[in-house]
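K.L.:
Handing you a structure now.
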Amino acid sequence: MSTAPDALHAERYRVVASRDARFDGQFVTAVHSTGIYCRPSCPARTPRETGVTFYRTSAAAHLAGFRACKRCLPEATPGSPEWDLREDVAGRAMRLVLDGVVERDGVPGLAARVGYSERQLNRIMTAELGAGPKALSRAHRAQTARTLLTSSDLPIADVAFAAGFASVRQFNDTVREVFAVTPTELRARRVLRPVADGALHVHLPARAPFDAQGLLDWHALHALPGTEQVETDDTGRVTSYGRLLDLPGGAAHFTASAAVPSVAGTGAGGRGTGIDLRVRVTDLSDLPMLVARVRSSFDLDADPVAVDAVLGTVPALADAVARVPGIRLPGAVDPHEIVFRTLIGQQVSVAAARTAQTRLVAALGSPVPDAVLPGGRLFPSAEAIAARGRQVLRGPAARVDTIVRVAAALADGSLVVDGGQSLDELRDGLLAVKGIGPWTADYVALRVRHHPDLFLHSDLAVRNGAQELGLPGSARELSLWSEQVAPWRSYLTMHCWRPIIDRAIATAGAAHMNTAAPAARKDER
Numbered sequence: 037m038s039t040a041p042d043a044l045h046a047e048r049y050r051v052v053a054s055r056d057a058r059f060d061g062q063f064v065t066a067v068h069s070t071g072i073y074c075r076p077s078c079p080a081r082t083p084r085e086t087g088v089t090f091y092r093t094s095a096a097a098h099l100a101g102f103r104a105c106k107r108c109l110p111e112a113t114p115g116s117p118e119w120d121l122r123e124d125v126a127g128r129a130m131r132l133v134l135d136g137v138v139e140r141d142g143v144p145g146l147a148a149r150v151g152y153s154e155r156q157l158n159r160i161m162t163a164e165l166g167a168g169p170k171a172l173s174r175a176h177r178a179q180t181a182r183t184l185l186t187s188s189d190l191p192i193a194d195v196a197f198a199a200g201f202a203s204v205r206q207f208n209d210t211v212r213e214v215f216a217v218t219p220t221e222l223r224a225r226r227v228l229r230p231v232a233d234g235a236l237h238v239h240l241p242a243r244a245p246f247d248a249q250g251l252l253d254w255h256a257l258h259a260l261p262g263t264e265q266v267e268t269d270d271t272g273r274v275t276s277y278g279r280l281l282d283l284p285g286g287a288a289h290f291t292a293s294a295a296v297p298s299v300a301g302t303g304a305g306g307r308g309t310g311i312d313l314r315v316r317v318t319d320l321s322d323l324p325m326l327v328a329r330v331r332s333s334f335d336l337d338a339d340p341v342a343v344d345a346v347l348g349t350v351p352a353l354a355d356a357v358a359r360v361p362g363i364r365l366p367g368a369v370d371p372h373e374i375v376f377r378t379l380i381g382q383q384v385s386v387a388a389a390r391t392a393q394t395r396l397v398a399a400l401g402s403p404v405p406d407a408v409l410p411g412g413r414l415f416p417s418a419e420a421i422a423a424r425g426r427q428v429l430r431g432p433a434a435r436v437d438t439i440v441r442v443a444a445a446l447a448d449g450s451l452v453v454d455g456g457q458s459l460d461e462l463r464d465g466l467l468a469v470k471g472i473g474p475w476t477a478d479y480v481a482l483r484v485r486h487h488p489d490l491f492l493h494s495d496l497a498v499r500n501g502a503q504e505l506g507l508p509g510s511a512r513e514l515s516l517w518s519e520q521v522a523p524w525r526s527y528l529t530m531h532c533w534r535p536i537i538d539r540a541i542a543t544a545g546a547a548h549m550n551t552a553a554p555a556a557r558k559d560e561r
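The opening position of the sequence shown corresponds to residue 37 in this note's numbering, with each subsequent residue numbered one higher.
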């Protein structure tokens with residue numbers, strides 16, 4: 037929360053006065069005279085500087101008695117990029133709240149995950165964010181409900197349970213309290229129309245510019261038959277990426293494609309930059325978790341203007357940033373899967389890694405119901421790999437030993453890998469396992485933890501791409517050079533990889549996707 041007059045208040049007021057959409061989702065403006073809160077880019081008349089209070093989260097504004105603006109719909113924004121960067125307790129807890137941990141495990145489960153008592157956690161989050169875990173979870177449910185009401189064709193009663201509410205009455209009361217409209221009135225603002233294909237359709241916003249094509253290409257190049265699917269147009273350009281994932285309620289499937297902005301734009305009545313999803317879930321209550329993981333997988337909460345402003349001012353990177361504005365990080369929908377795929381992919385080409393990973397899915401992956409995806413198979417669980425991995429995995433014995441060792445540790449909980457950890461916790465846990473070195477730990481952290489400031493300077497493909505951009509060629513020199521673009525070095529990693537990805541797409545064609553891409557890895561055995 038910010039109250040006048042101080043430097044932060046003045047800075048945020050200047051943002052509001054300029055209606056800078058880059059800050060939408062990073063804070064909200066509560067207007068005292070109207071009792072409503074808005075996104076920074078709200079087109080309404082700018083209120084007096086002394087007549088507003090700024091809150092870090094919408095939950096804090098709700099607790100203070102303010103309601104969401106009907107004109108700008110502040111919940112219809114990307115989330116804050118702050119949660120990918122923060123390493124403190126509040127940041128870790130917020131990432132878990134967004135992943136639906138409170139809905140699944142309650143506040144006690146959240147507190148246990150971050151290693152604090154419920155009382156301590158509530159005190160820390162209230163001091164830092166203006167609201168405790170319950171209020172933040174409630175605001176997250178309200179935001180999910182708004183997303184489903186305004187951008188899906190799901191029946192209103194189903195929206196209530198899909199958003200995590202215990203009853204339709206609780207859902208109705210919350211929507212009216214937060215948005216000052218009924219669910220039916222909110223649905224009238226829908227930006228996606230019903231499509232009779234049996235899937236749930238959801239629009240997820242992103243800040244512009246957004247390099248959606250780069251992420252579609254990345255995921256397509258690494259796609260595994262049976263688990264992931266790629267659709268292309270007549271020219272071979274990747275138009276959508278789909279995949280299966282295992283959620284608490286059962287198997288789920290999504291297909292993601294770049295949104296085509298509507299004429300109405302990003303306002304309450306229009307669809308803006310982002311991703312359009314087609315979703316099938318076994319249990320509707322898993323939908324918020326799926327949406328959160330897709331948001332991470334496509335880096336939808338990033339601040340591309342801030343990233344490009346730093347990288348683009350470096351002469352050696354200016355052309356690359358101008359060519360690919362809004363480059364994003366490929367995240368993870370399943371942290372354990374990223375660990376296994378990274379270990380299997382060490383020291384081999386992407387084609388060889390995909391062959392080995394496909395064999396693993398075919399042998400140990402669980403089949404899913406045809407209603408979710410006919411013929412589909414989930415990526416194998418840690419338990420399955422620990423029990424039968426040696427029968428399926430090929431390659432150096434040391435690597436197989438490491439993979440099975442990691443699987444057993446993930447299965448029994450002695451190794452934890454998830455997005456709620458701090459960067460140091462995640463890296464230290466991985467490095468403590470025999471056979472895992474710094475490159476693997478950093479690559480997994482980039483994908484799972486989605487940290488914006490990790491530079492994979494020891495990666496051969498990164499060094500090759502860096503040389504193409506005119507950057508230093510040796511690992512040490514490149515690492516030192518990269519410090520000038522902190523805290524956005526993960527995005528530098530993506531720019532270094534980008535020429536290799538583009539060539540792989542152009543050479544292979546999206547129909548095959550089985551040629552070399554960023555794959556040459558440092559030997560860590």
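All residues carry an ideal CB built from backbone N, CA and C; glycine is no exception.
Could you give the C-beta distance for S494 and A468, rounded to a whole number, given that I count them as a contact under 8 Å?
P.N.:
Incorrect: roughly 19 Å between the Cβ atoms, too far for contact.
K.L.:
To the nearest angstrom, report how far apart G473 and A389 are at their CA atoms.
P.N.:
Cα to Cα, G473 sits roughly 18 Å from A389.
K.L.:
Which one or two residues does DSSP pair with H289 in a beta bridge?
P.N.:
Bridge partners of H289: L280, R316.
K.L.:
Helix, strand or coil for D60 per DSSP?
P.N.:
Residue state, collapsed to three classes: strand.
K.L.:
Mind checking whether V52 and C78 have CB atoms under 9 Å apart?
P.N.:
Yes, Cβ-Cβ distance for V52 and C78 is below 9 Å.
K.L.:
Per DSSP, what kind of secondary structure is R131 in: helix, strand or coil?
P.N.:
In the structure shown, R131 sits in a helix (DSSP, three-state: H, G or I).
K.L.:
Assuming the contact rule is C-beta atoms closer than 8 Å, S188 and H237 should be a hit. Round their C-beta distance to whole Å, please.
P.N.:
Correct: roughly 6 Å between the Cβ atoms.
K.L.:
Cutting at 7 Å between CB atoms, please list the residues of its own chain near V350, excluding the five before and the five after it.
P.N.:
For V350, where only same-chain residues beyond five positions count, the Cβ hits under 7 Å are Q520, V521.
K.L.:
Taking the alpha-carbon positions, what's the L414 to T529 distance?
P.N.:
Rounded to the nearest angstrom, the two C-alpha atoms are 29 Å apart.
K.L.:
Kindly identify the DSSP beta-bridge partner or partners of T268.
P.N.:
Bridge partners of T268: V274.
K.L.:
How many whole angstroms separate the CB atoms of L446 and V428, which I take to be in contact at a CB cut-off of 8 Å?
P.N.:
Going by Cβ atoms, the distance from L446 to V428 rounds to 17 Å, so no, they are not a contact pair.
K.L.:
Given 8 Å as the limit, is there contact between the segment 450-468 and the segment 125-143, that is, 3 or more CB pairs closer than that?
P.N.:
Contact holds: three or more Cβ-Cβ distances are below 8 Å.
K.L.:
In the DSSP assignment, find the unbroken alpha helix (DSSP H) run with T162 in it and report its ends.
P.N.:
Per DSSP, T162 belongs to the alpha helix (DSSP H) from 154-165.
K.L.:
With DSSP as the reference, label L490 as helix, strand or coil.
P.N.:
Of the three classes helix, strand and coil, the one that applies to L490 here is coil, per DSSP.
K.L.:
Return the bridge partner residues of I72 from the DSSP annotation.
P.N.:
DSSP output for I72 lists V67, R103 as bridge partner(s).
K.L.:
Run through DSSP, which three-state label would H258 get?
P.N.:
Coil.
K.L.:
Between which two residues does the beta strand (DSSP E) carrying F415 extend?
P.N.:
Neither: F415 is in no beta strand (DSSP E) and is coded neither H nor E.
K.L.:
Could you check the C-alpha separation between R103 and P324 for me, to the nearest Å?
P.N.:
Cα-Cα distance, rounded: 22 Å.
K.L.:
Please go through the segment 332-375 and give each complete alpha helix (DSSP H) segment of 4 or more residues, from N-terminal end onward.
P.N.:
Runs of the alpha helix (DSSP H) inside the segment 332-375: 340-347, 351-359.
K.L.:
May I ask which residues mark the beginning and end of the alpha helix (DSSP H) holding T476?
P.N.:
Where T476 is concerned, the enclosing alpha helix (DSSP H) stretches over 474-480.
K.L.:
Secondary structure at G301, three-state DSSP: helix, strand or coil?
P.N.:
Low confidence applies here, because G301 scores a pLDDT of 49, under 50, leaving its location unreliable and the question unanswered by this model.
K.L.:
Please tell me whether I160 has its Cβ less than 9 Å away from any Cβ of chain C.
P.N.:
Any reference to chain C falls outside this structure, which holds one protein chain only.
K.L.:
From which residue to which residue does the beta strand (DSSP E) around L429 run?
P.N.:
That residue, L429, is in no beta strand (DSSP E); it is neither H nor E in DSSP.
K.L.:
Going along the chain, which residues of its own chain have a beta-carbon closer than 8 Å to the beta-carbon of W119, five neighbours each way excluded?
P.N.:
Excluding residues within five positions, the ones whose Cβ falls inside 8 Å are G127, M130, R131, L134, D337.
K.L.:
For V498, write down the residues that DSSP places opposite it in a beta bridge.
P.N.:
BP columns for V498 are empty, so no partner.
K.L.:
Determine the extent of the beta strand (DSSP E) in which V238 is found, giving its start and end residues.
P.N.:
First-last of the beta strand (DSSP E) with V238: 236-241.
K.L.:
So R177 and L222 are in contact, right, with Cβ under 8 Å, and what is the actual spacing, rounded?
P.N.:
Actually they do not touch by this definition, with Cβ atoms about 14 Å apart.
K.L.:
Which of the three DSSP states, helix, strand or coil, is assigned to G142?
P.N.:
DSSP places G142 in helix when its eight states are reduced to three.
K.L.:
Would you call G506 buried or exposed, if buried means 16 or more other Cβ atoms sit within 10 Å of its Cβ?
P.N.:
G506 comes out exposed.
K.L.:
Is the segment 339-356 touching the segment 198-209 in the sense that three or more CB pairs, one from each, lie closer than 8 Å?
P.N.:
No, the segment 198-209 is not in contact with the segment 339-356.
K.L.:
If R243 and P405 are in contact, beta carbons under 8 Å, what's the gap, nearest whole angstrom?
P.N.:
Their Cβ separation, rounded to whole angstroms, is 36 Å, which puts R243 and P405 out of contact at 8 Å.
K.L.:
Tell me whether D42 is buried or exposed, calling it buried when 16 or more other Cβ atoms sit within 10 Å of its Cβ.
P.N.:
Answer is exposed; the Cβ neighbour count stays below 16.
K.L.:
Mind checking H68: buried by the 16 CB within 10 Å criterion, or exposed?
P.N.:
H68 is exposed by the Cβ-count criterion.
K.L.:
Just mark T302 as buried or exposed, buried being the case when its beta carbon has 16 or more other beta carbons within 10 Å.
P.N.:
Low confidence applies to T302: its pLDDT is 47, below 50, so where it sits in the model is not reliable enough to give any reading.
K.L.:
CB-CB under 8 Å to T210, same chain, minus the five flanking residues each way: which ones, in chain order?
P.N.:
R174, R177, A178, A181, F201.
K.L.:
On the DSSP bridge list, what partners appear for A80?
P.N.:
Answer is none; A80 lacks a bridge partner.
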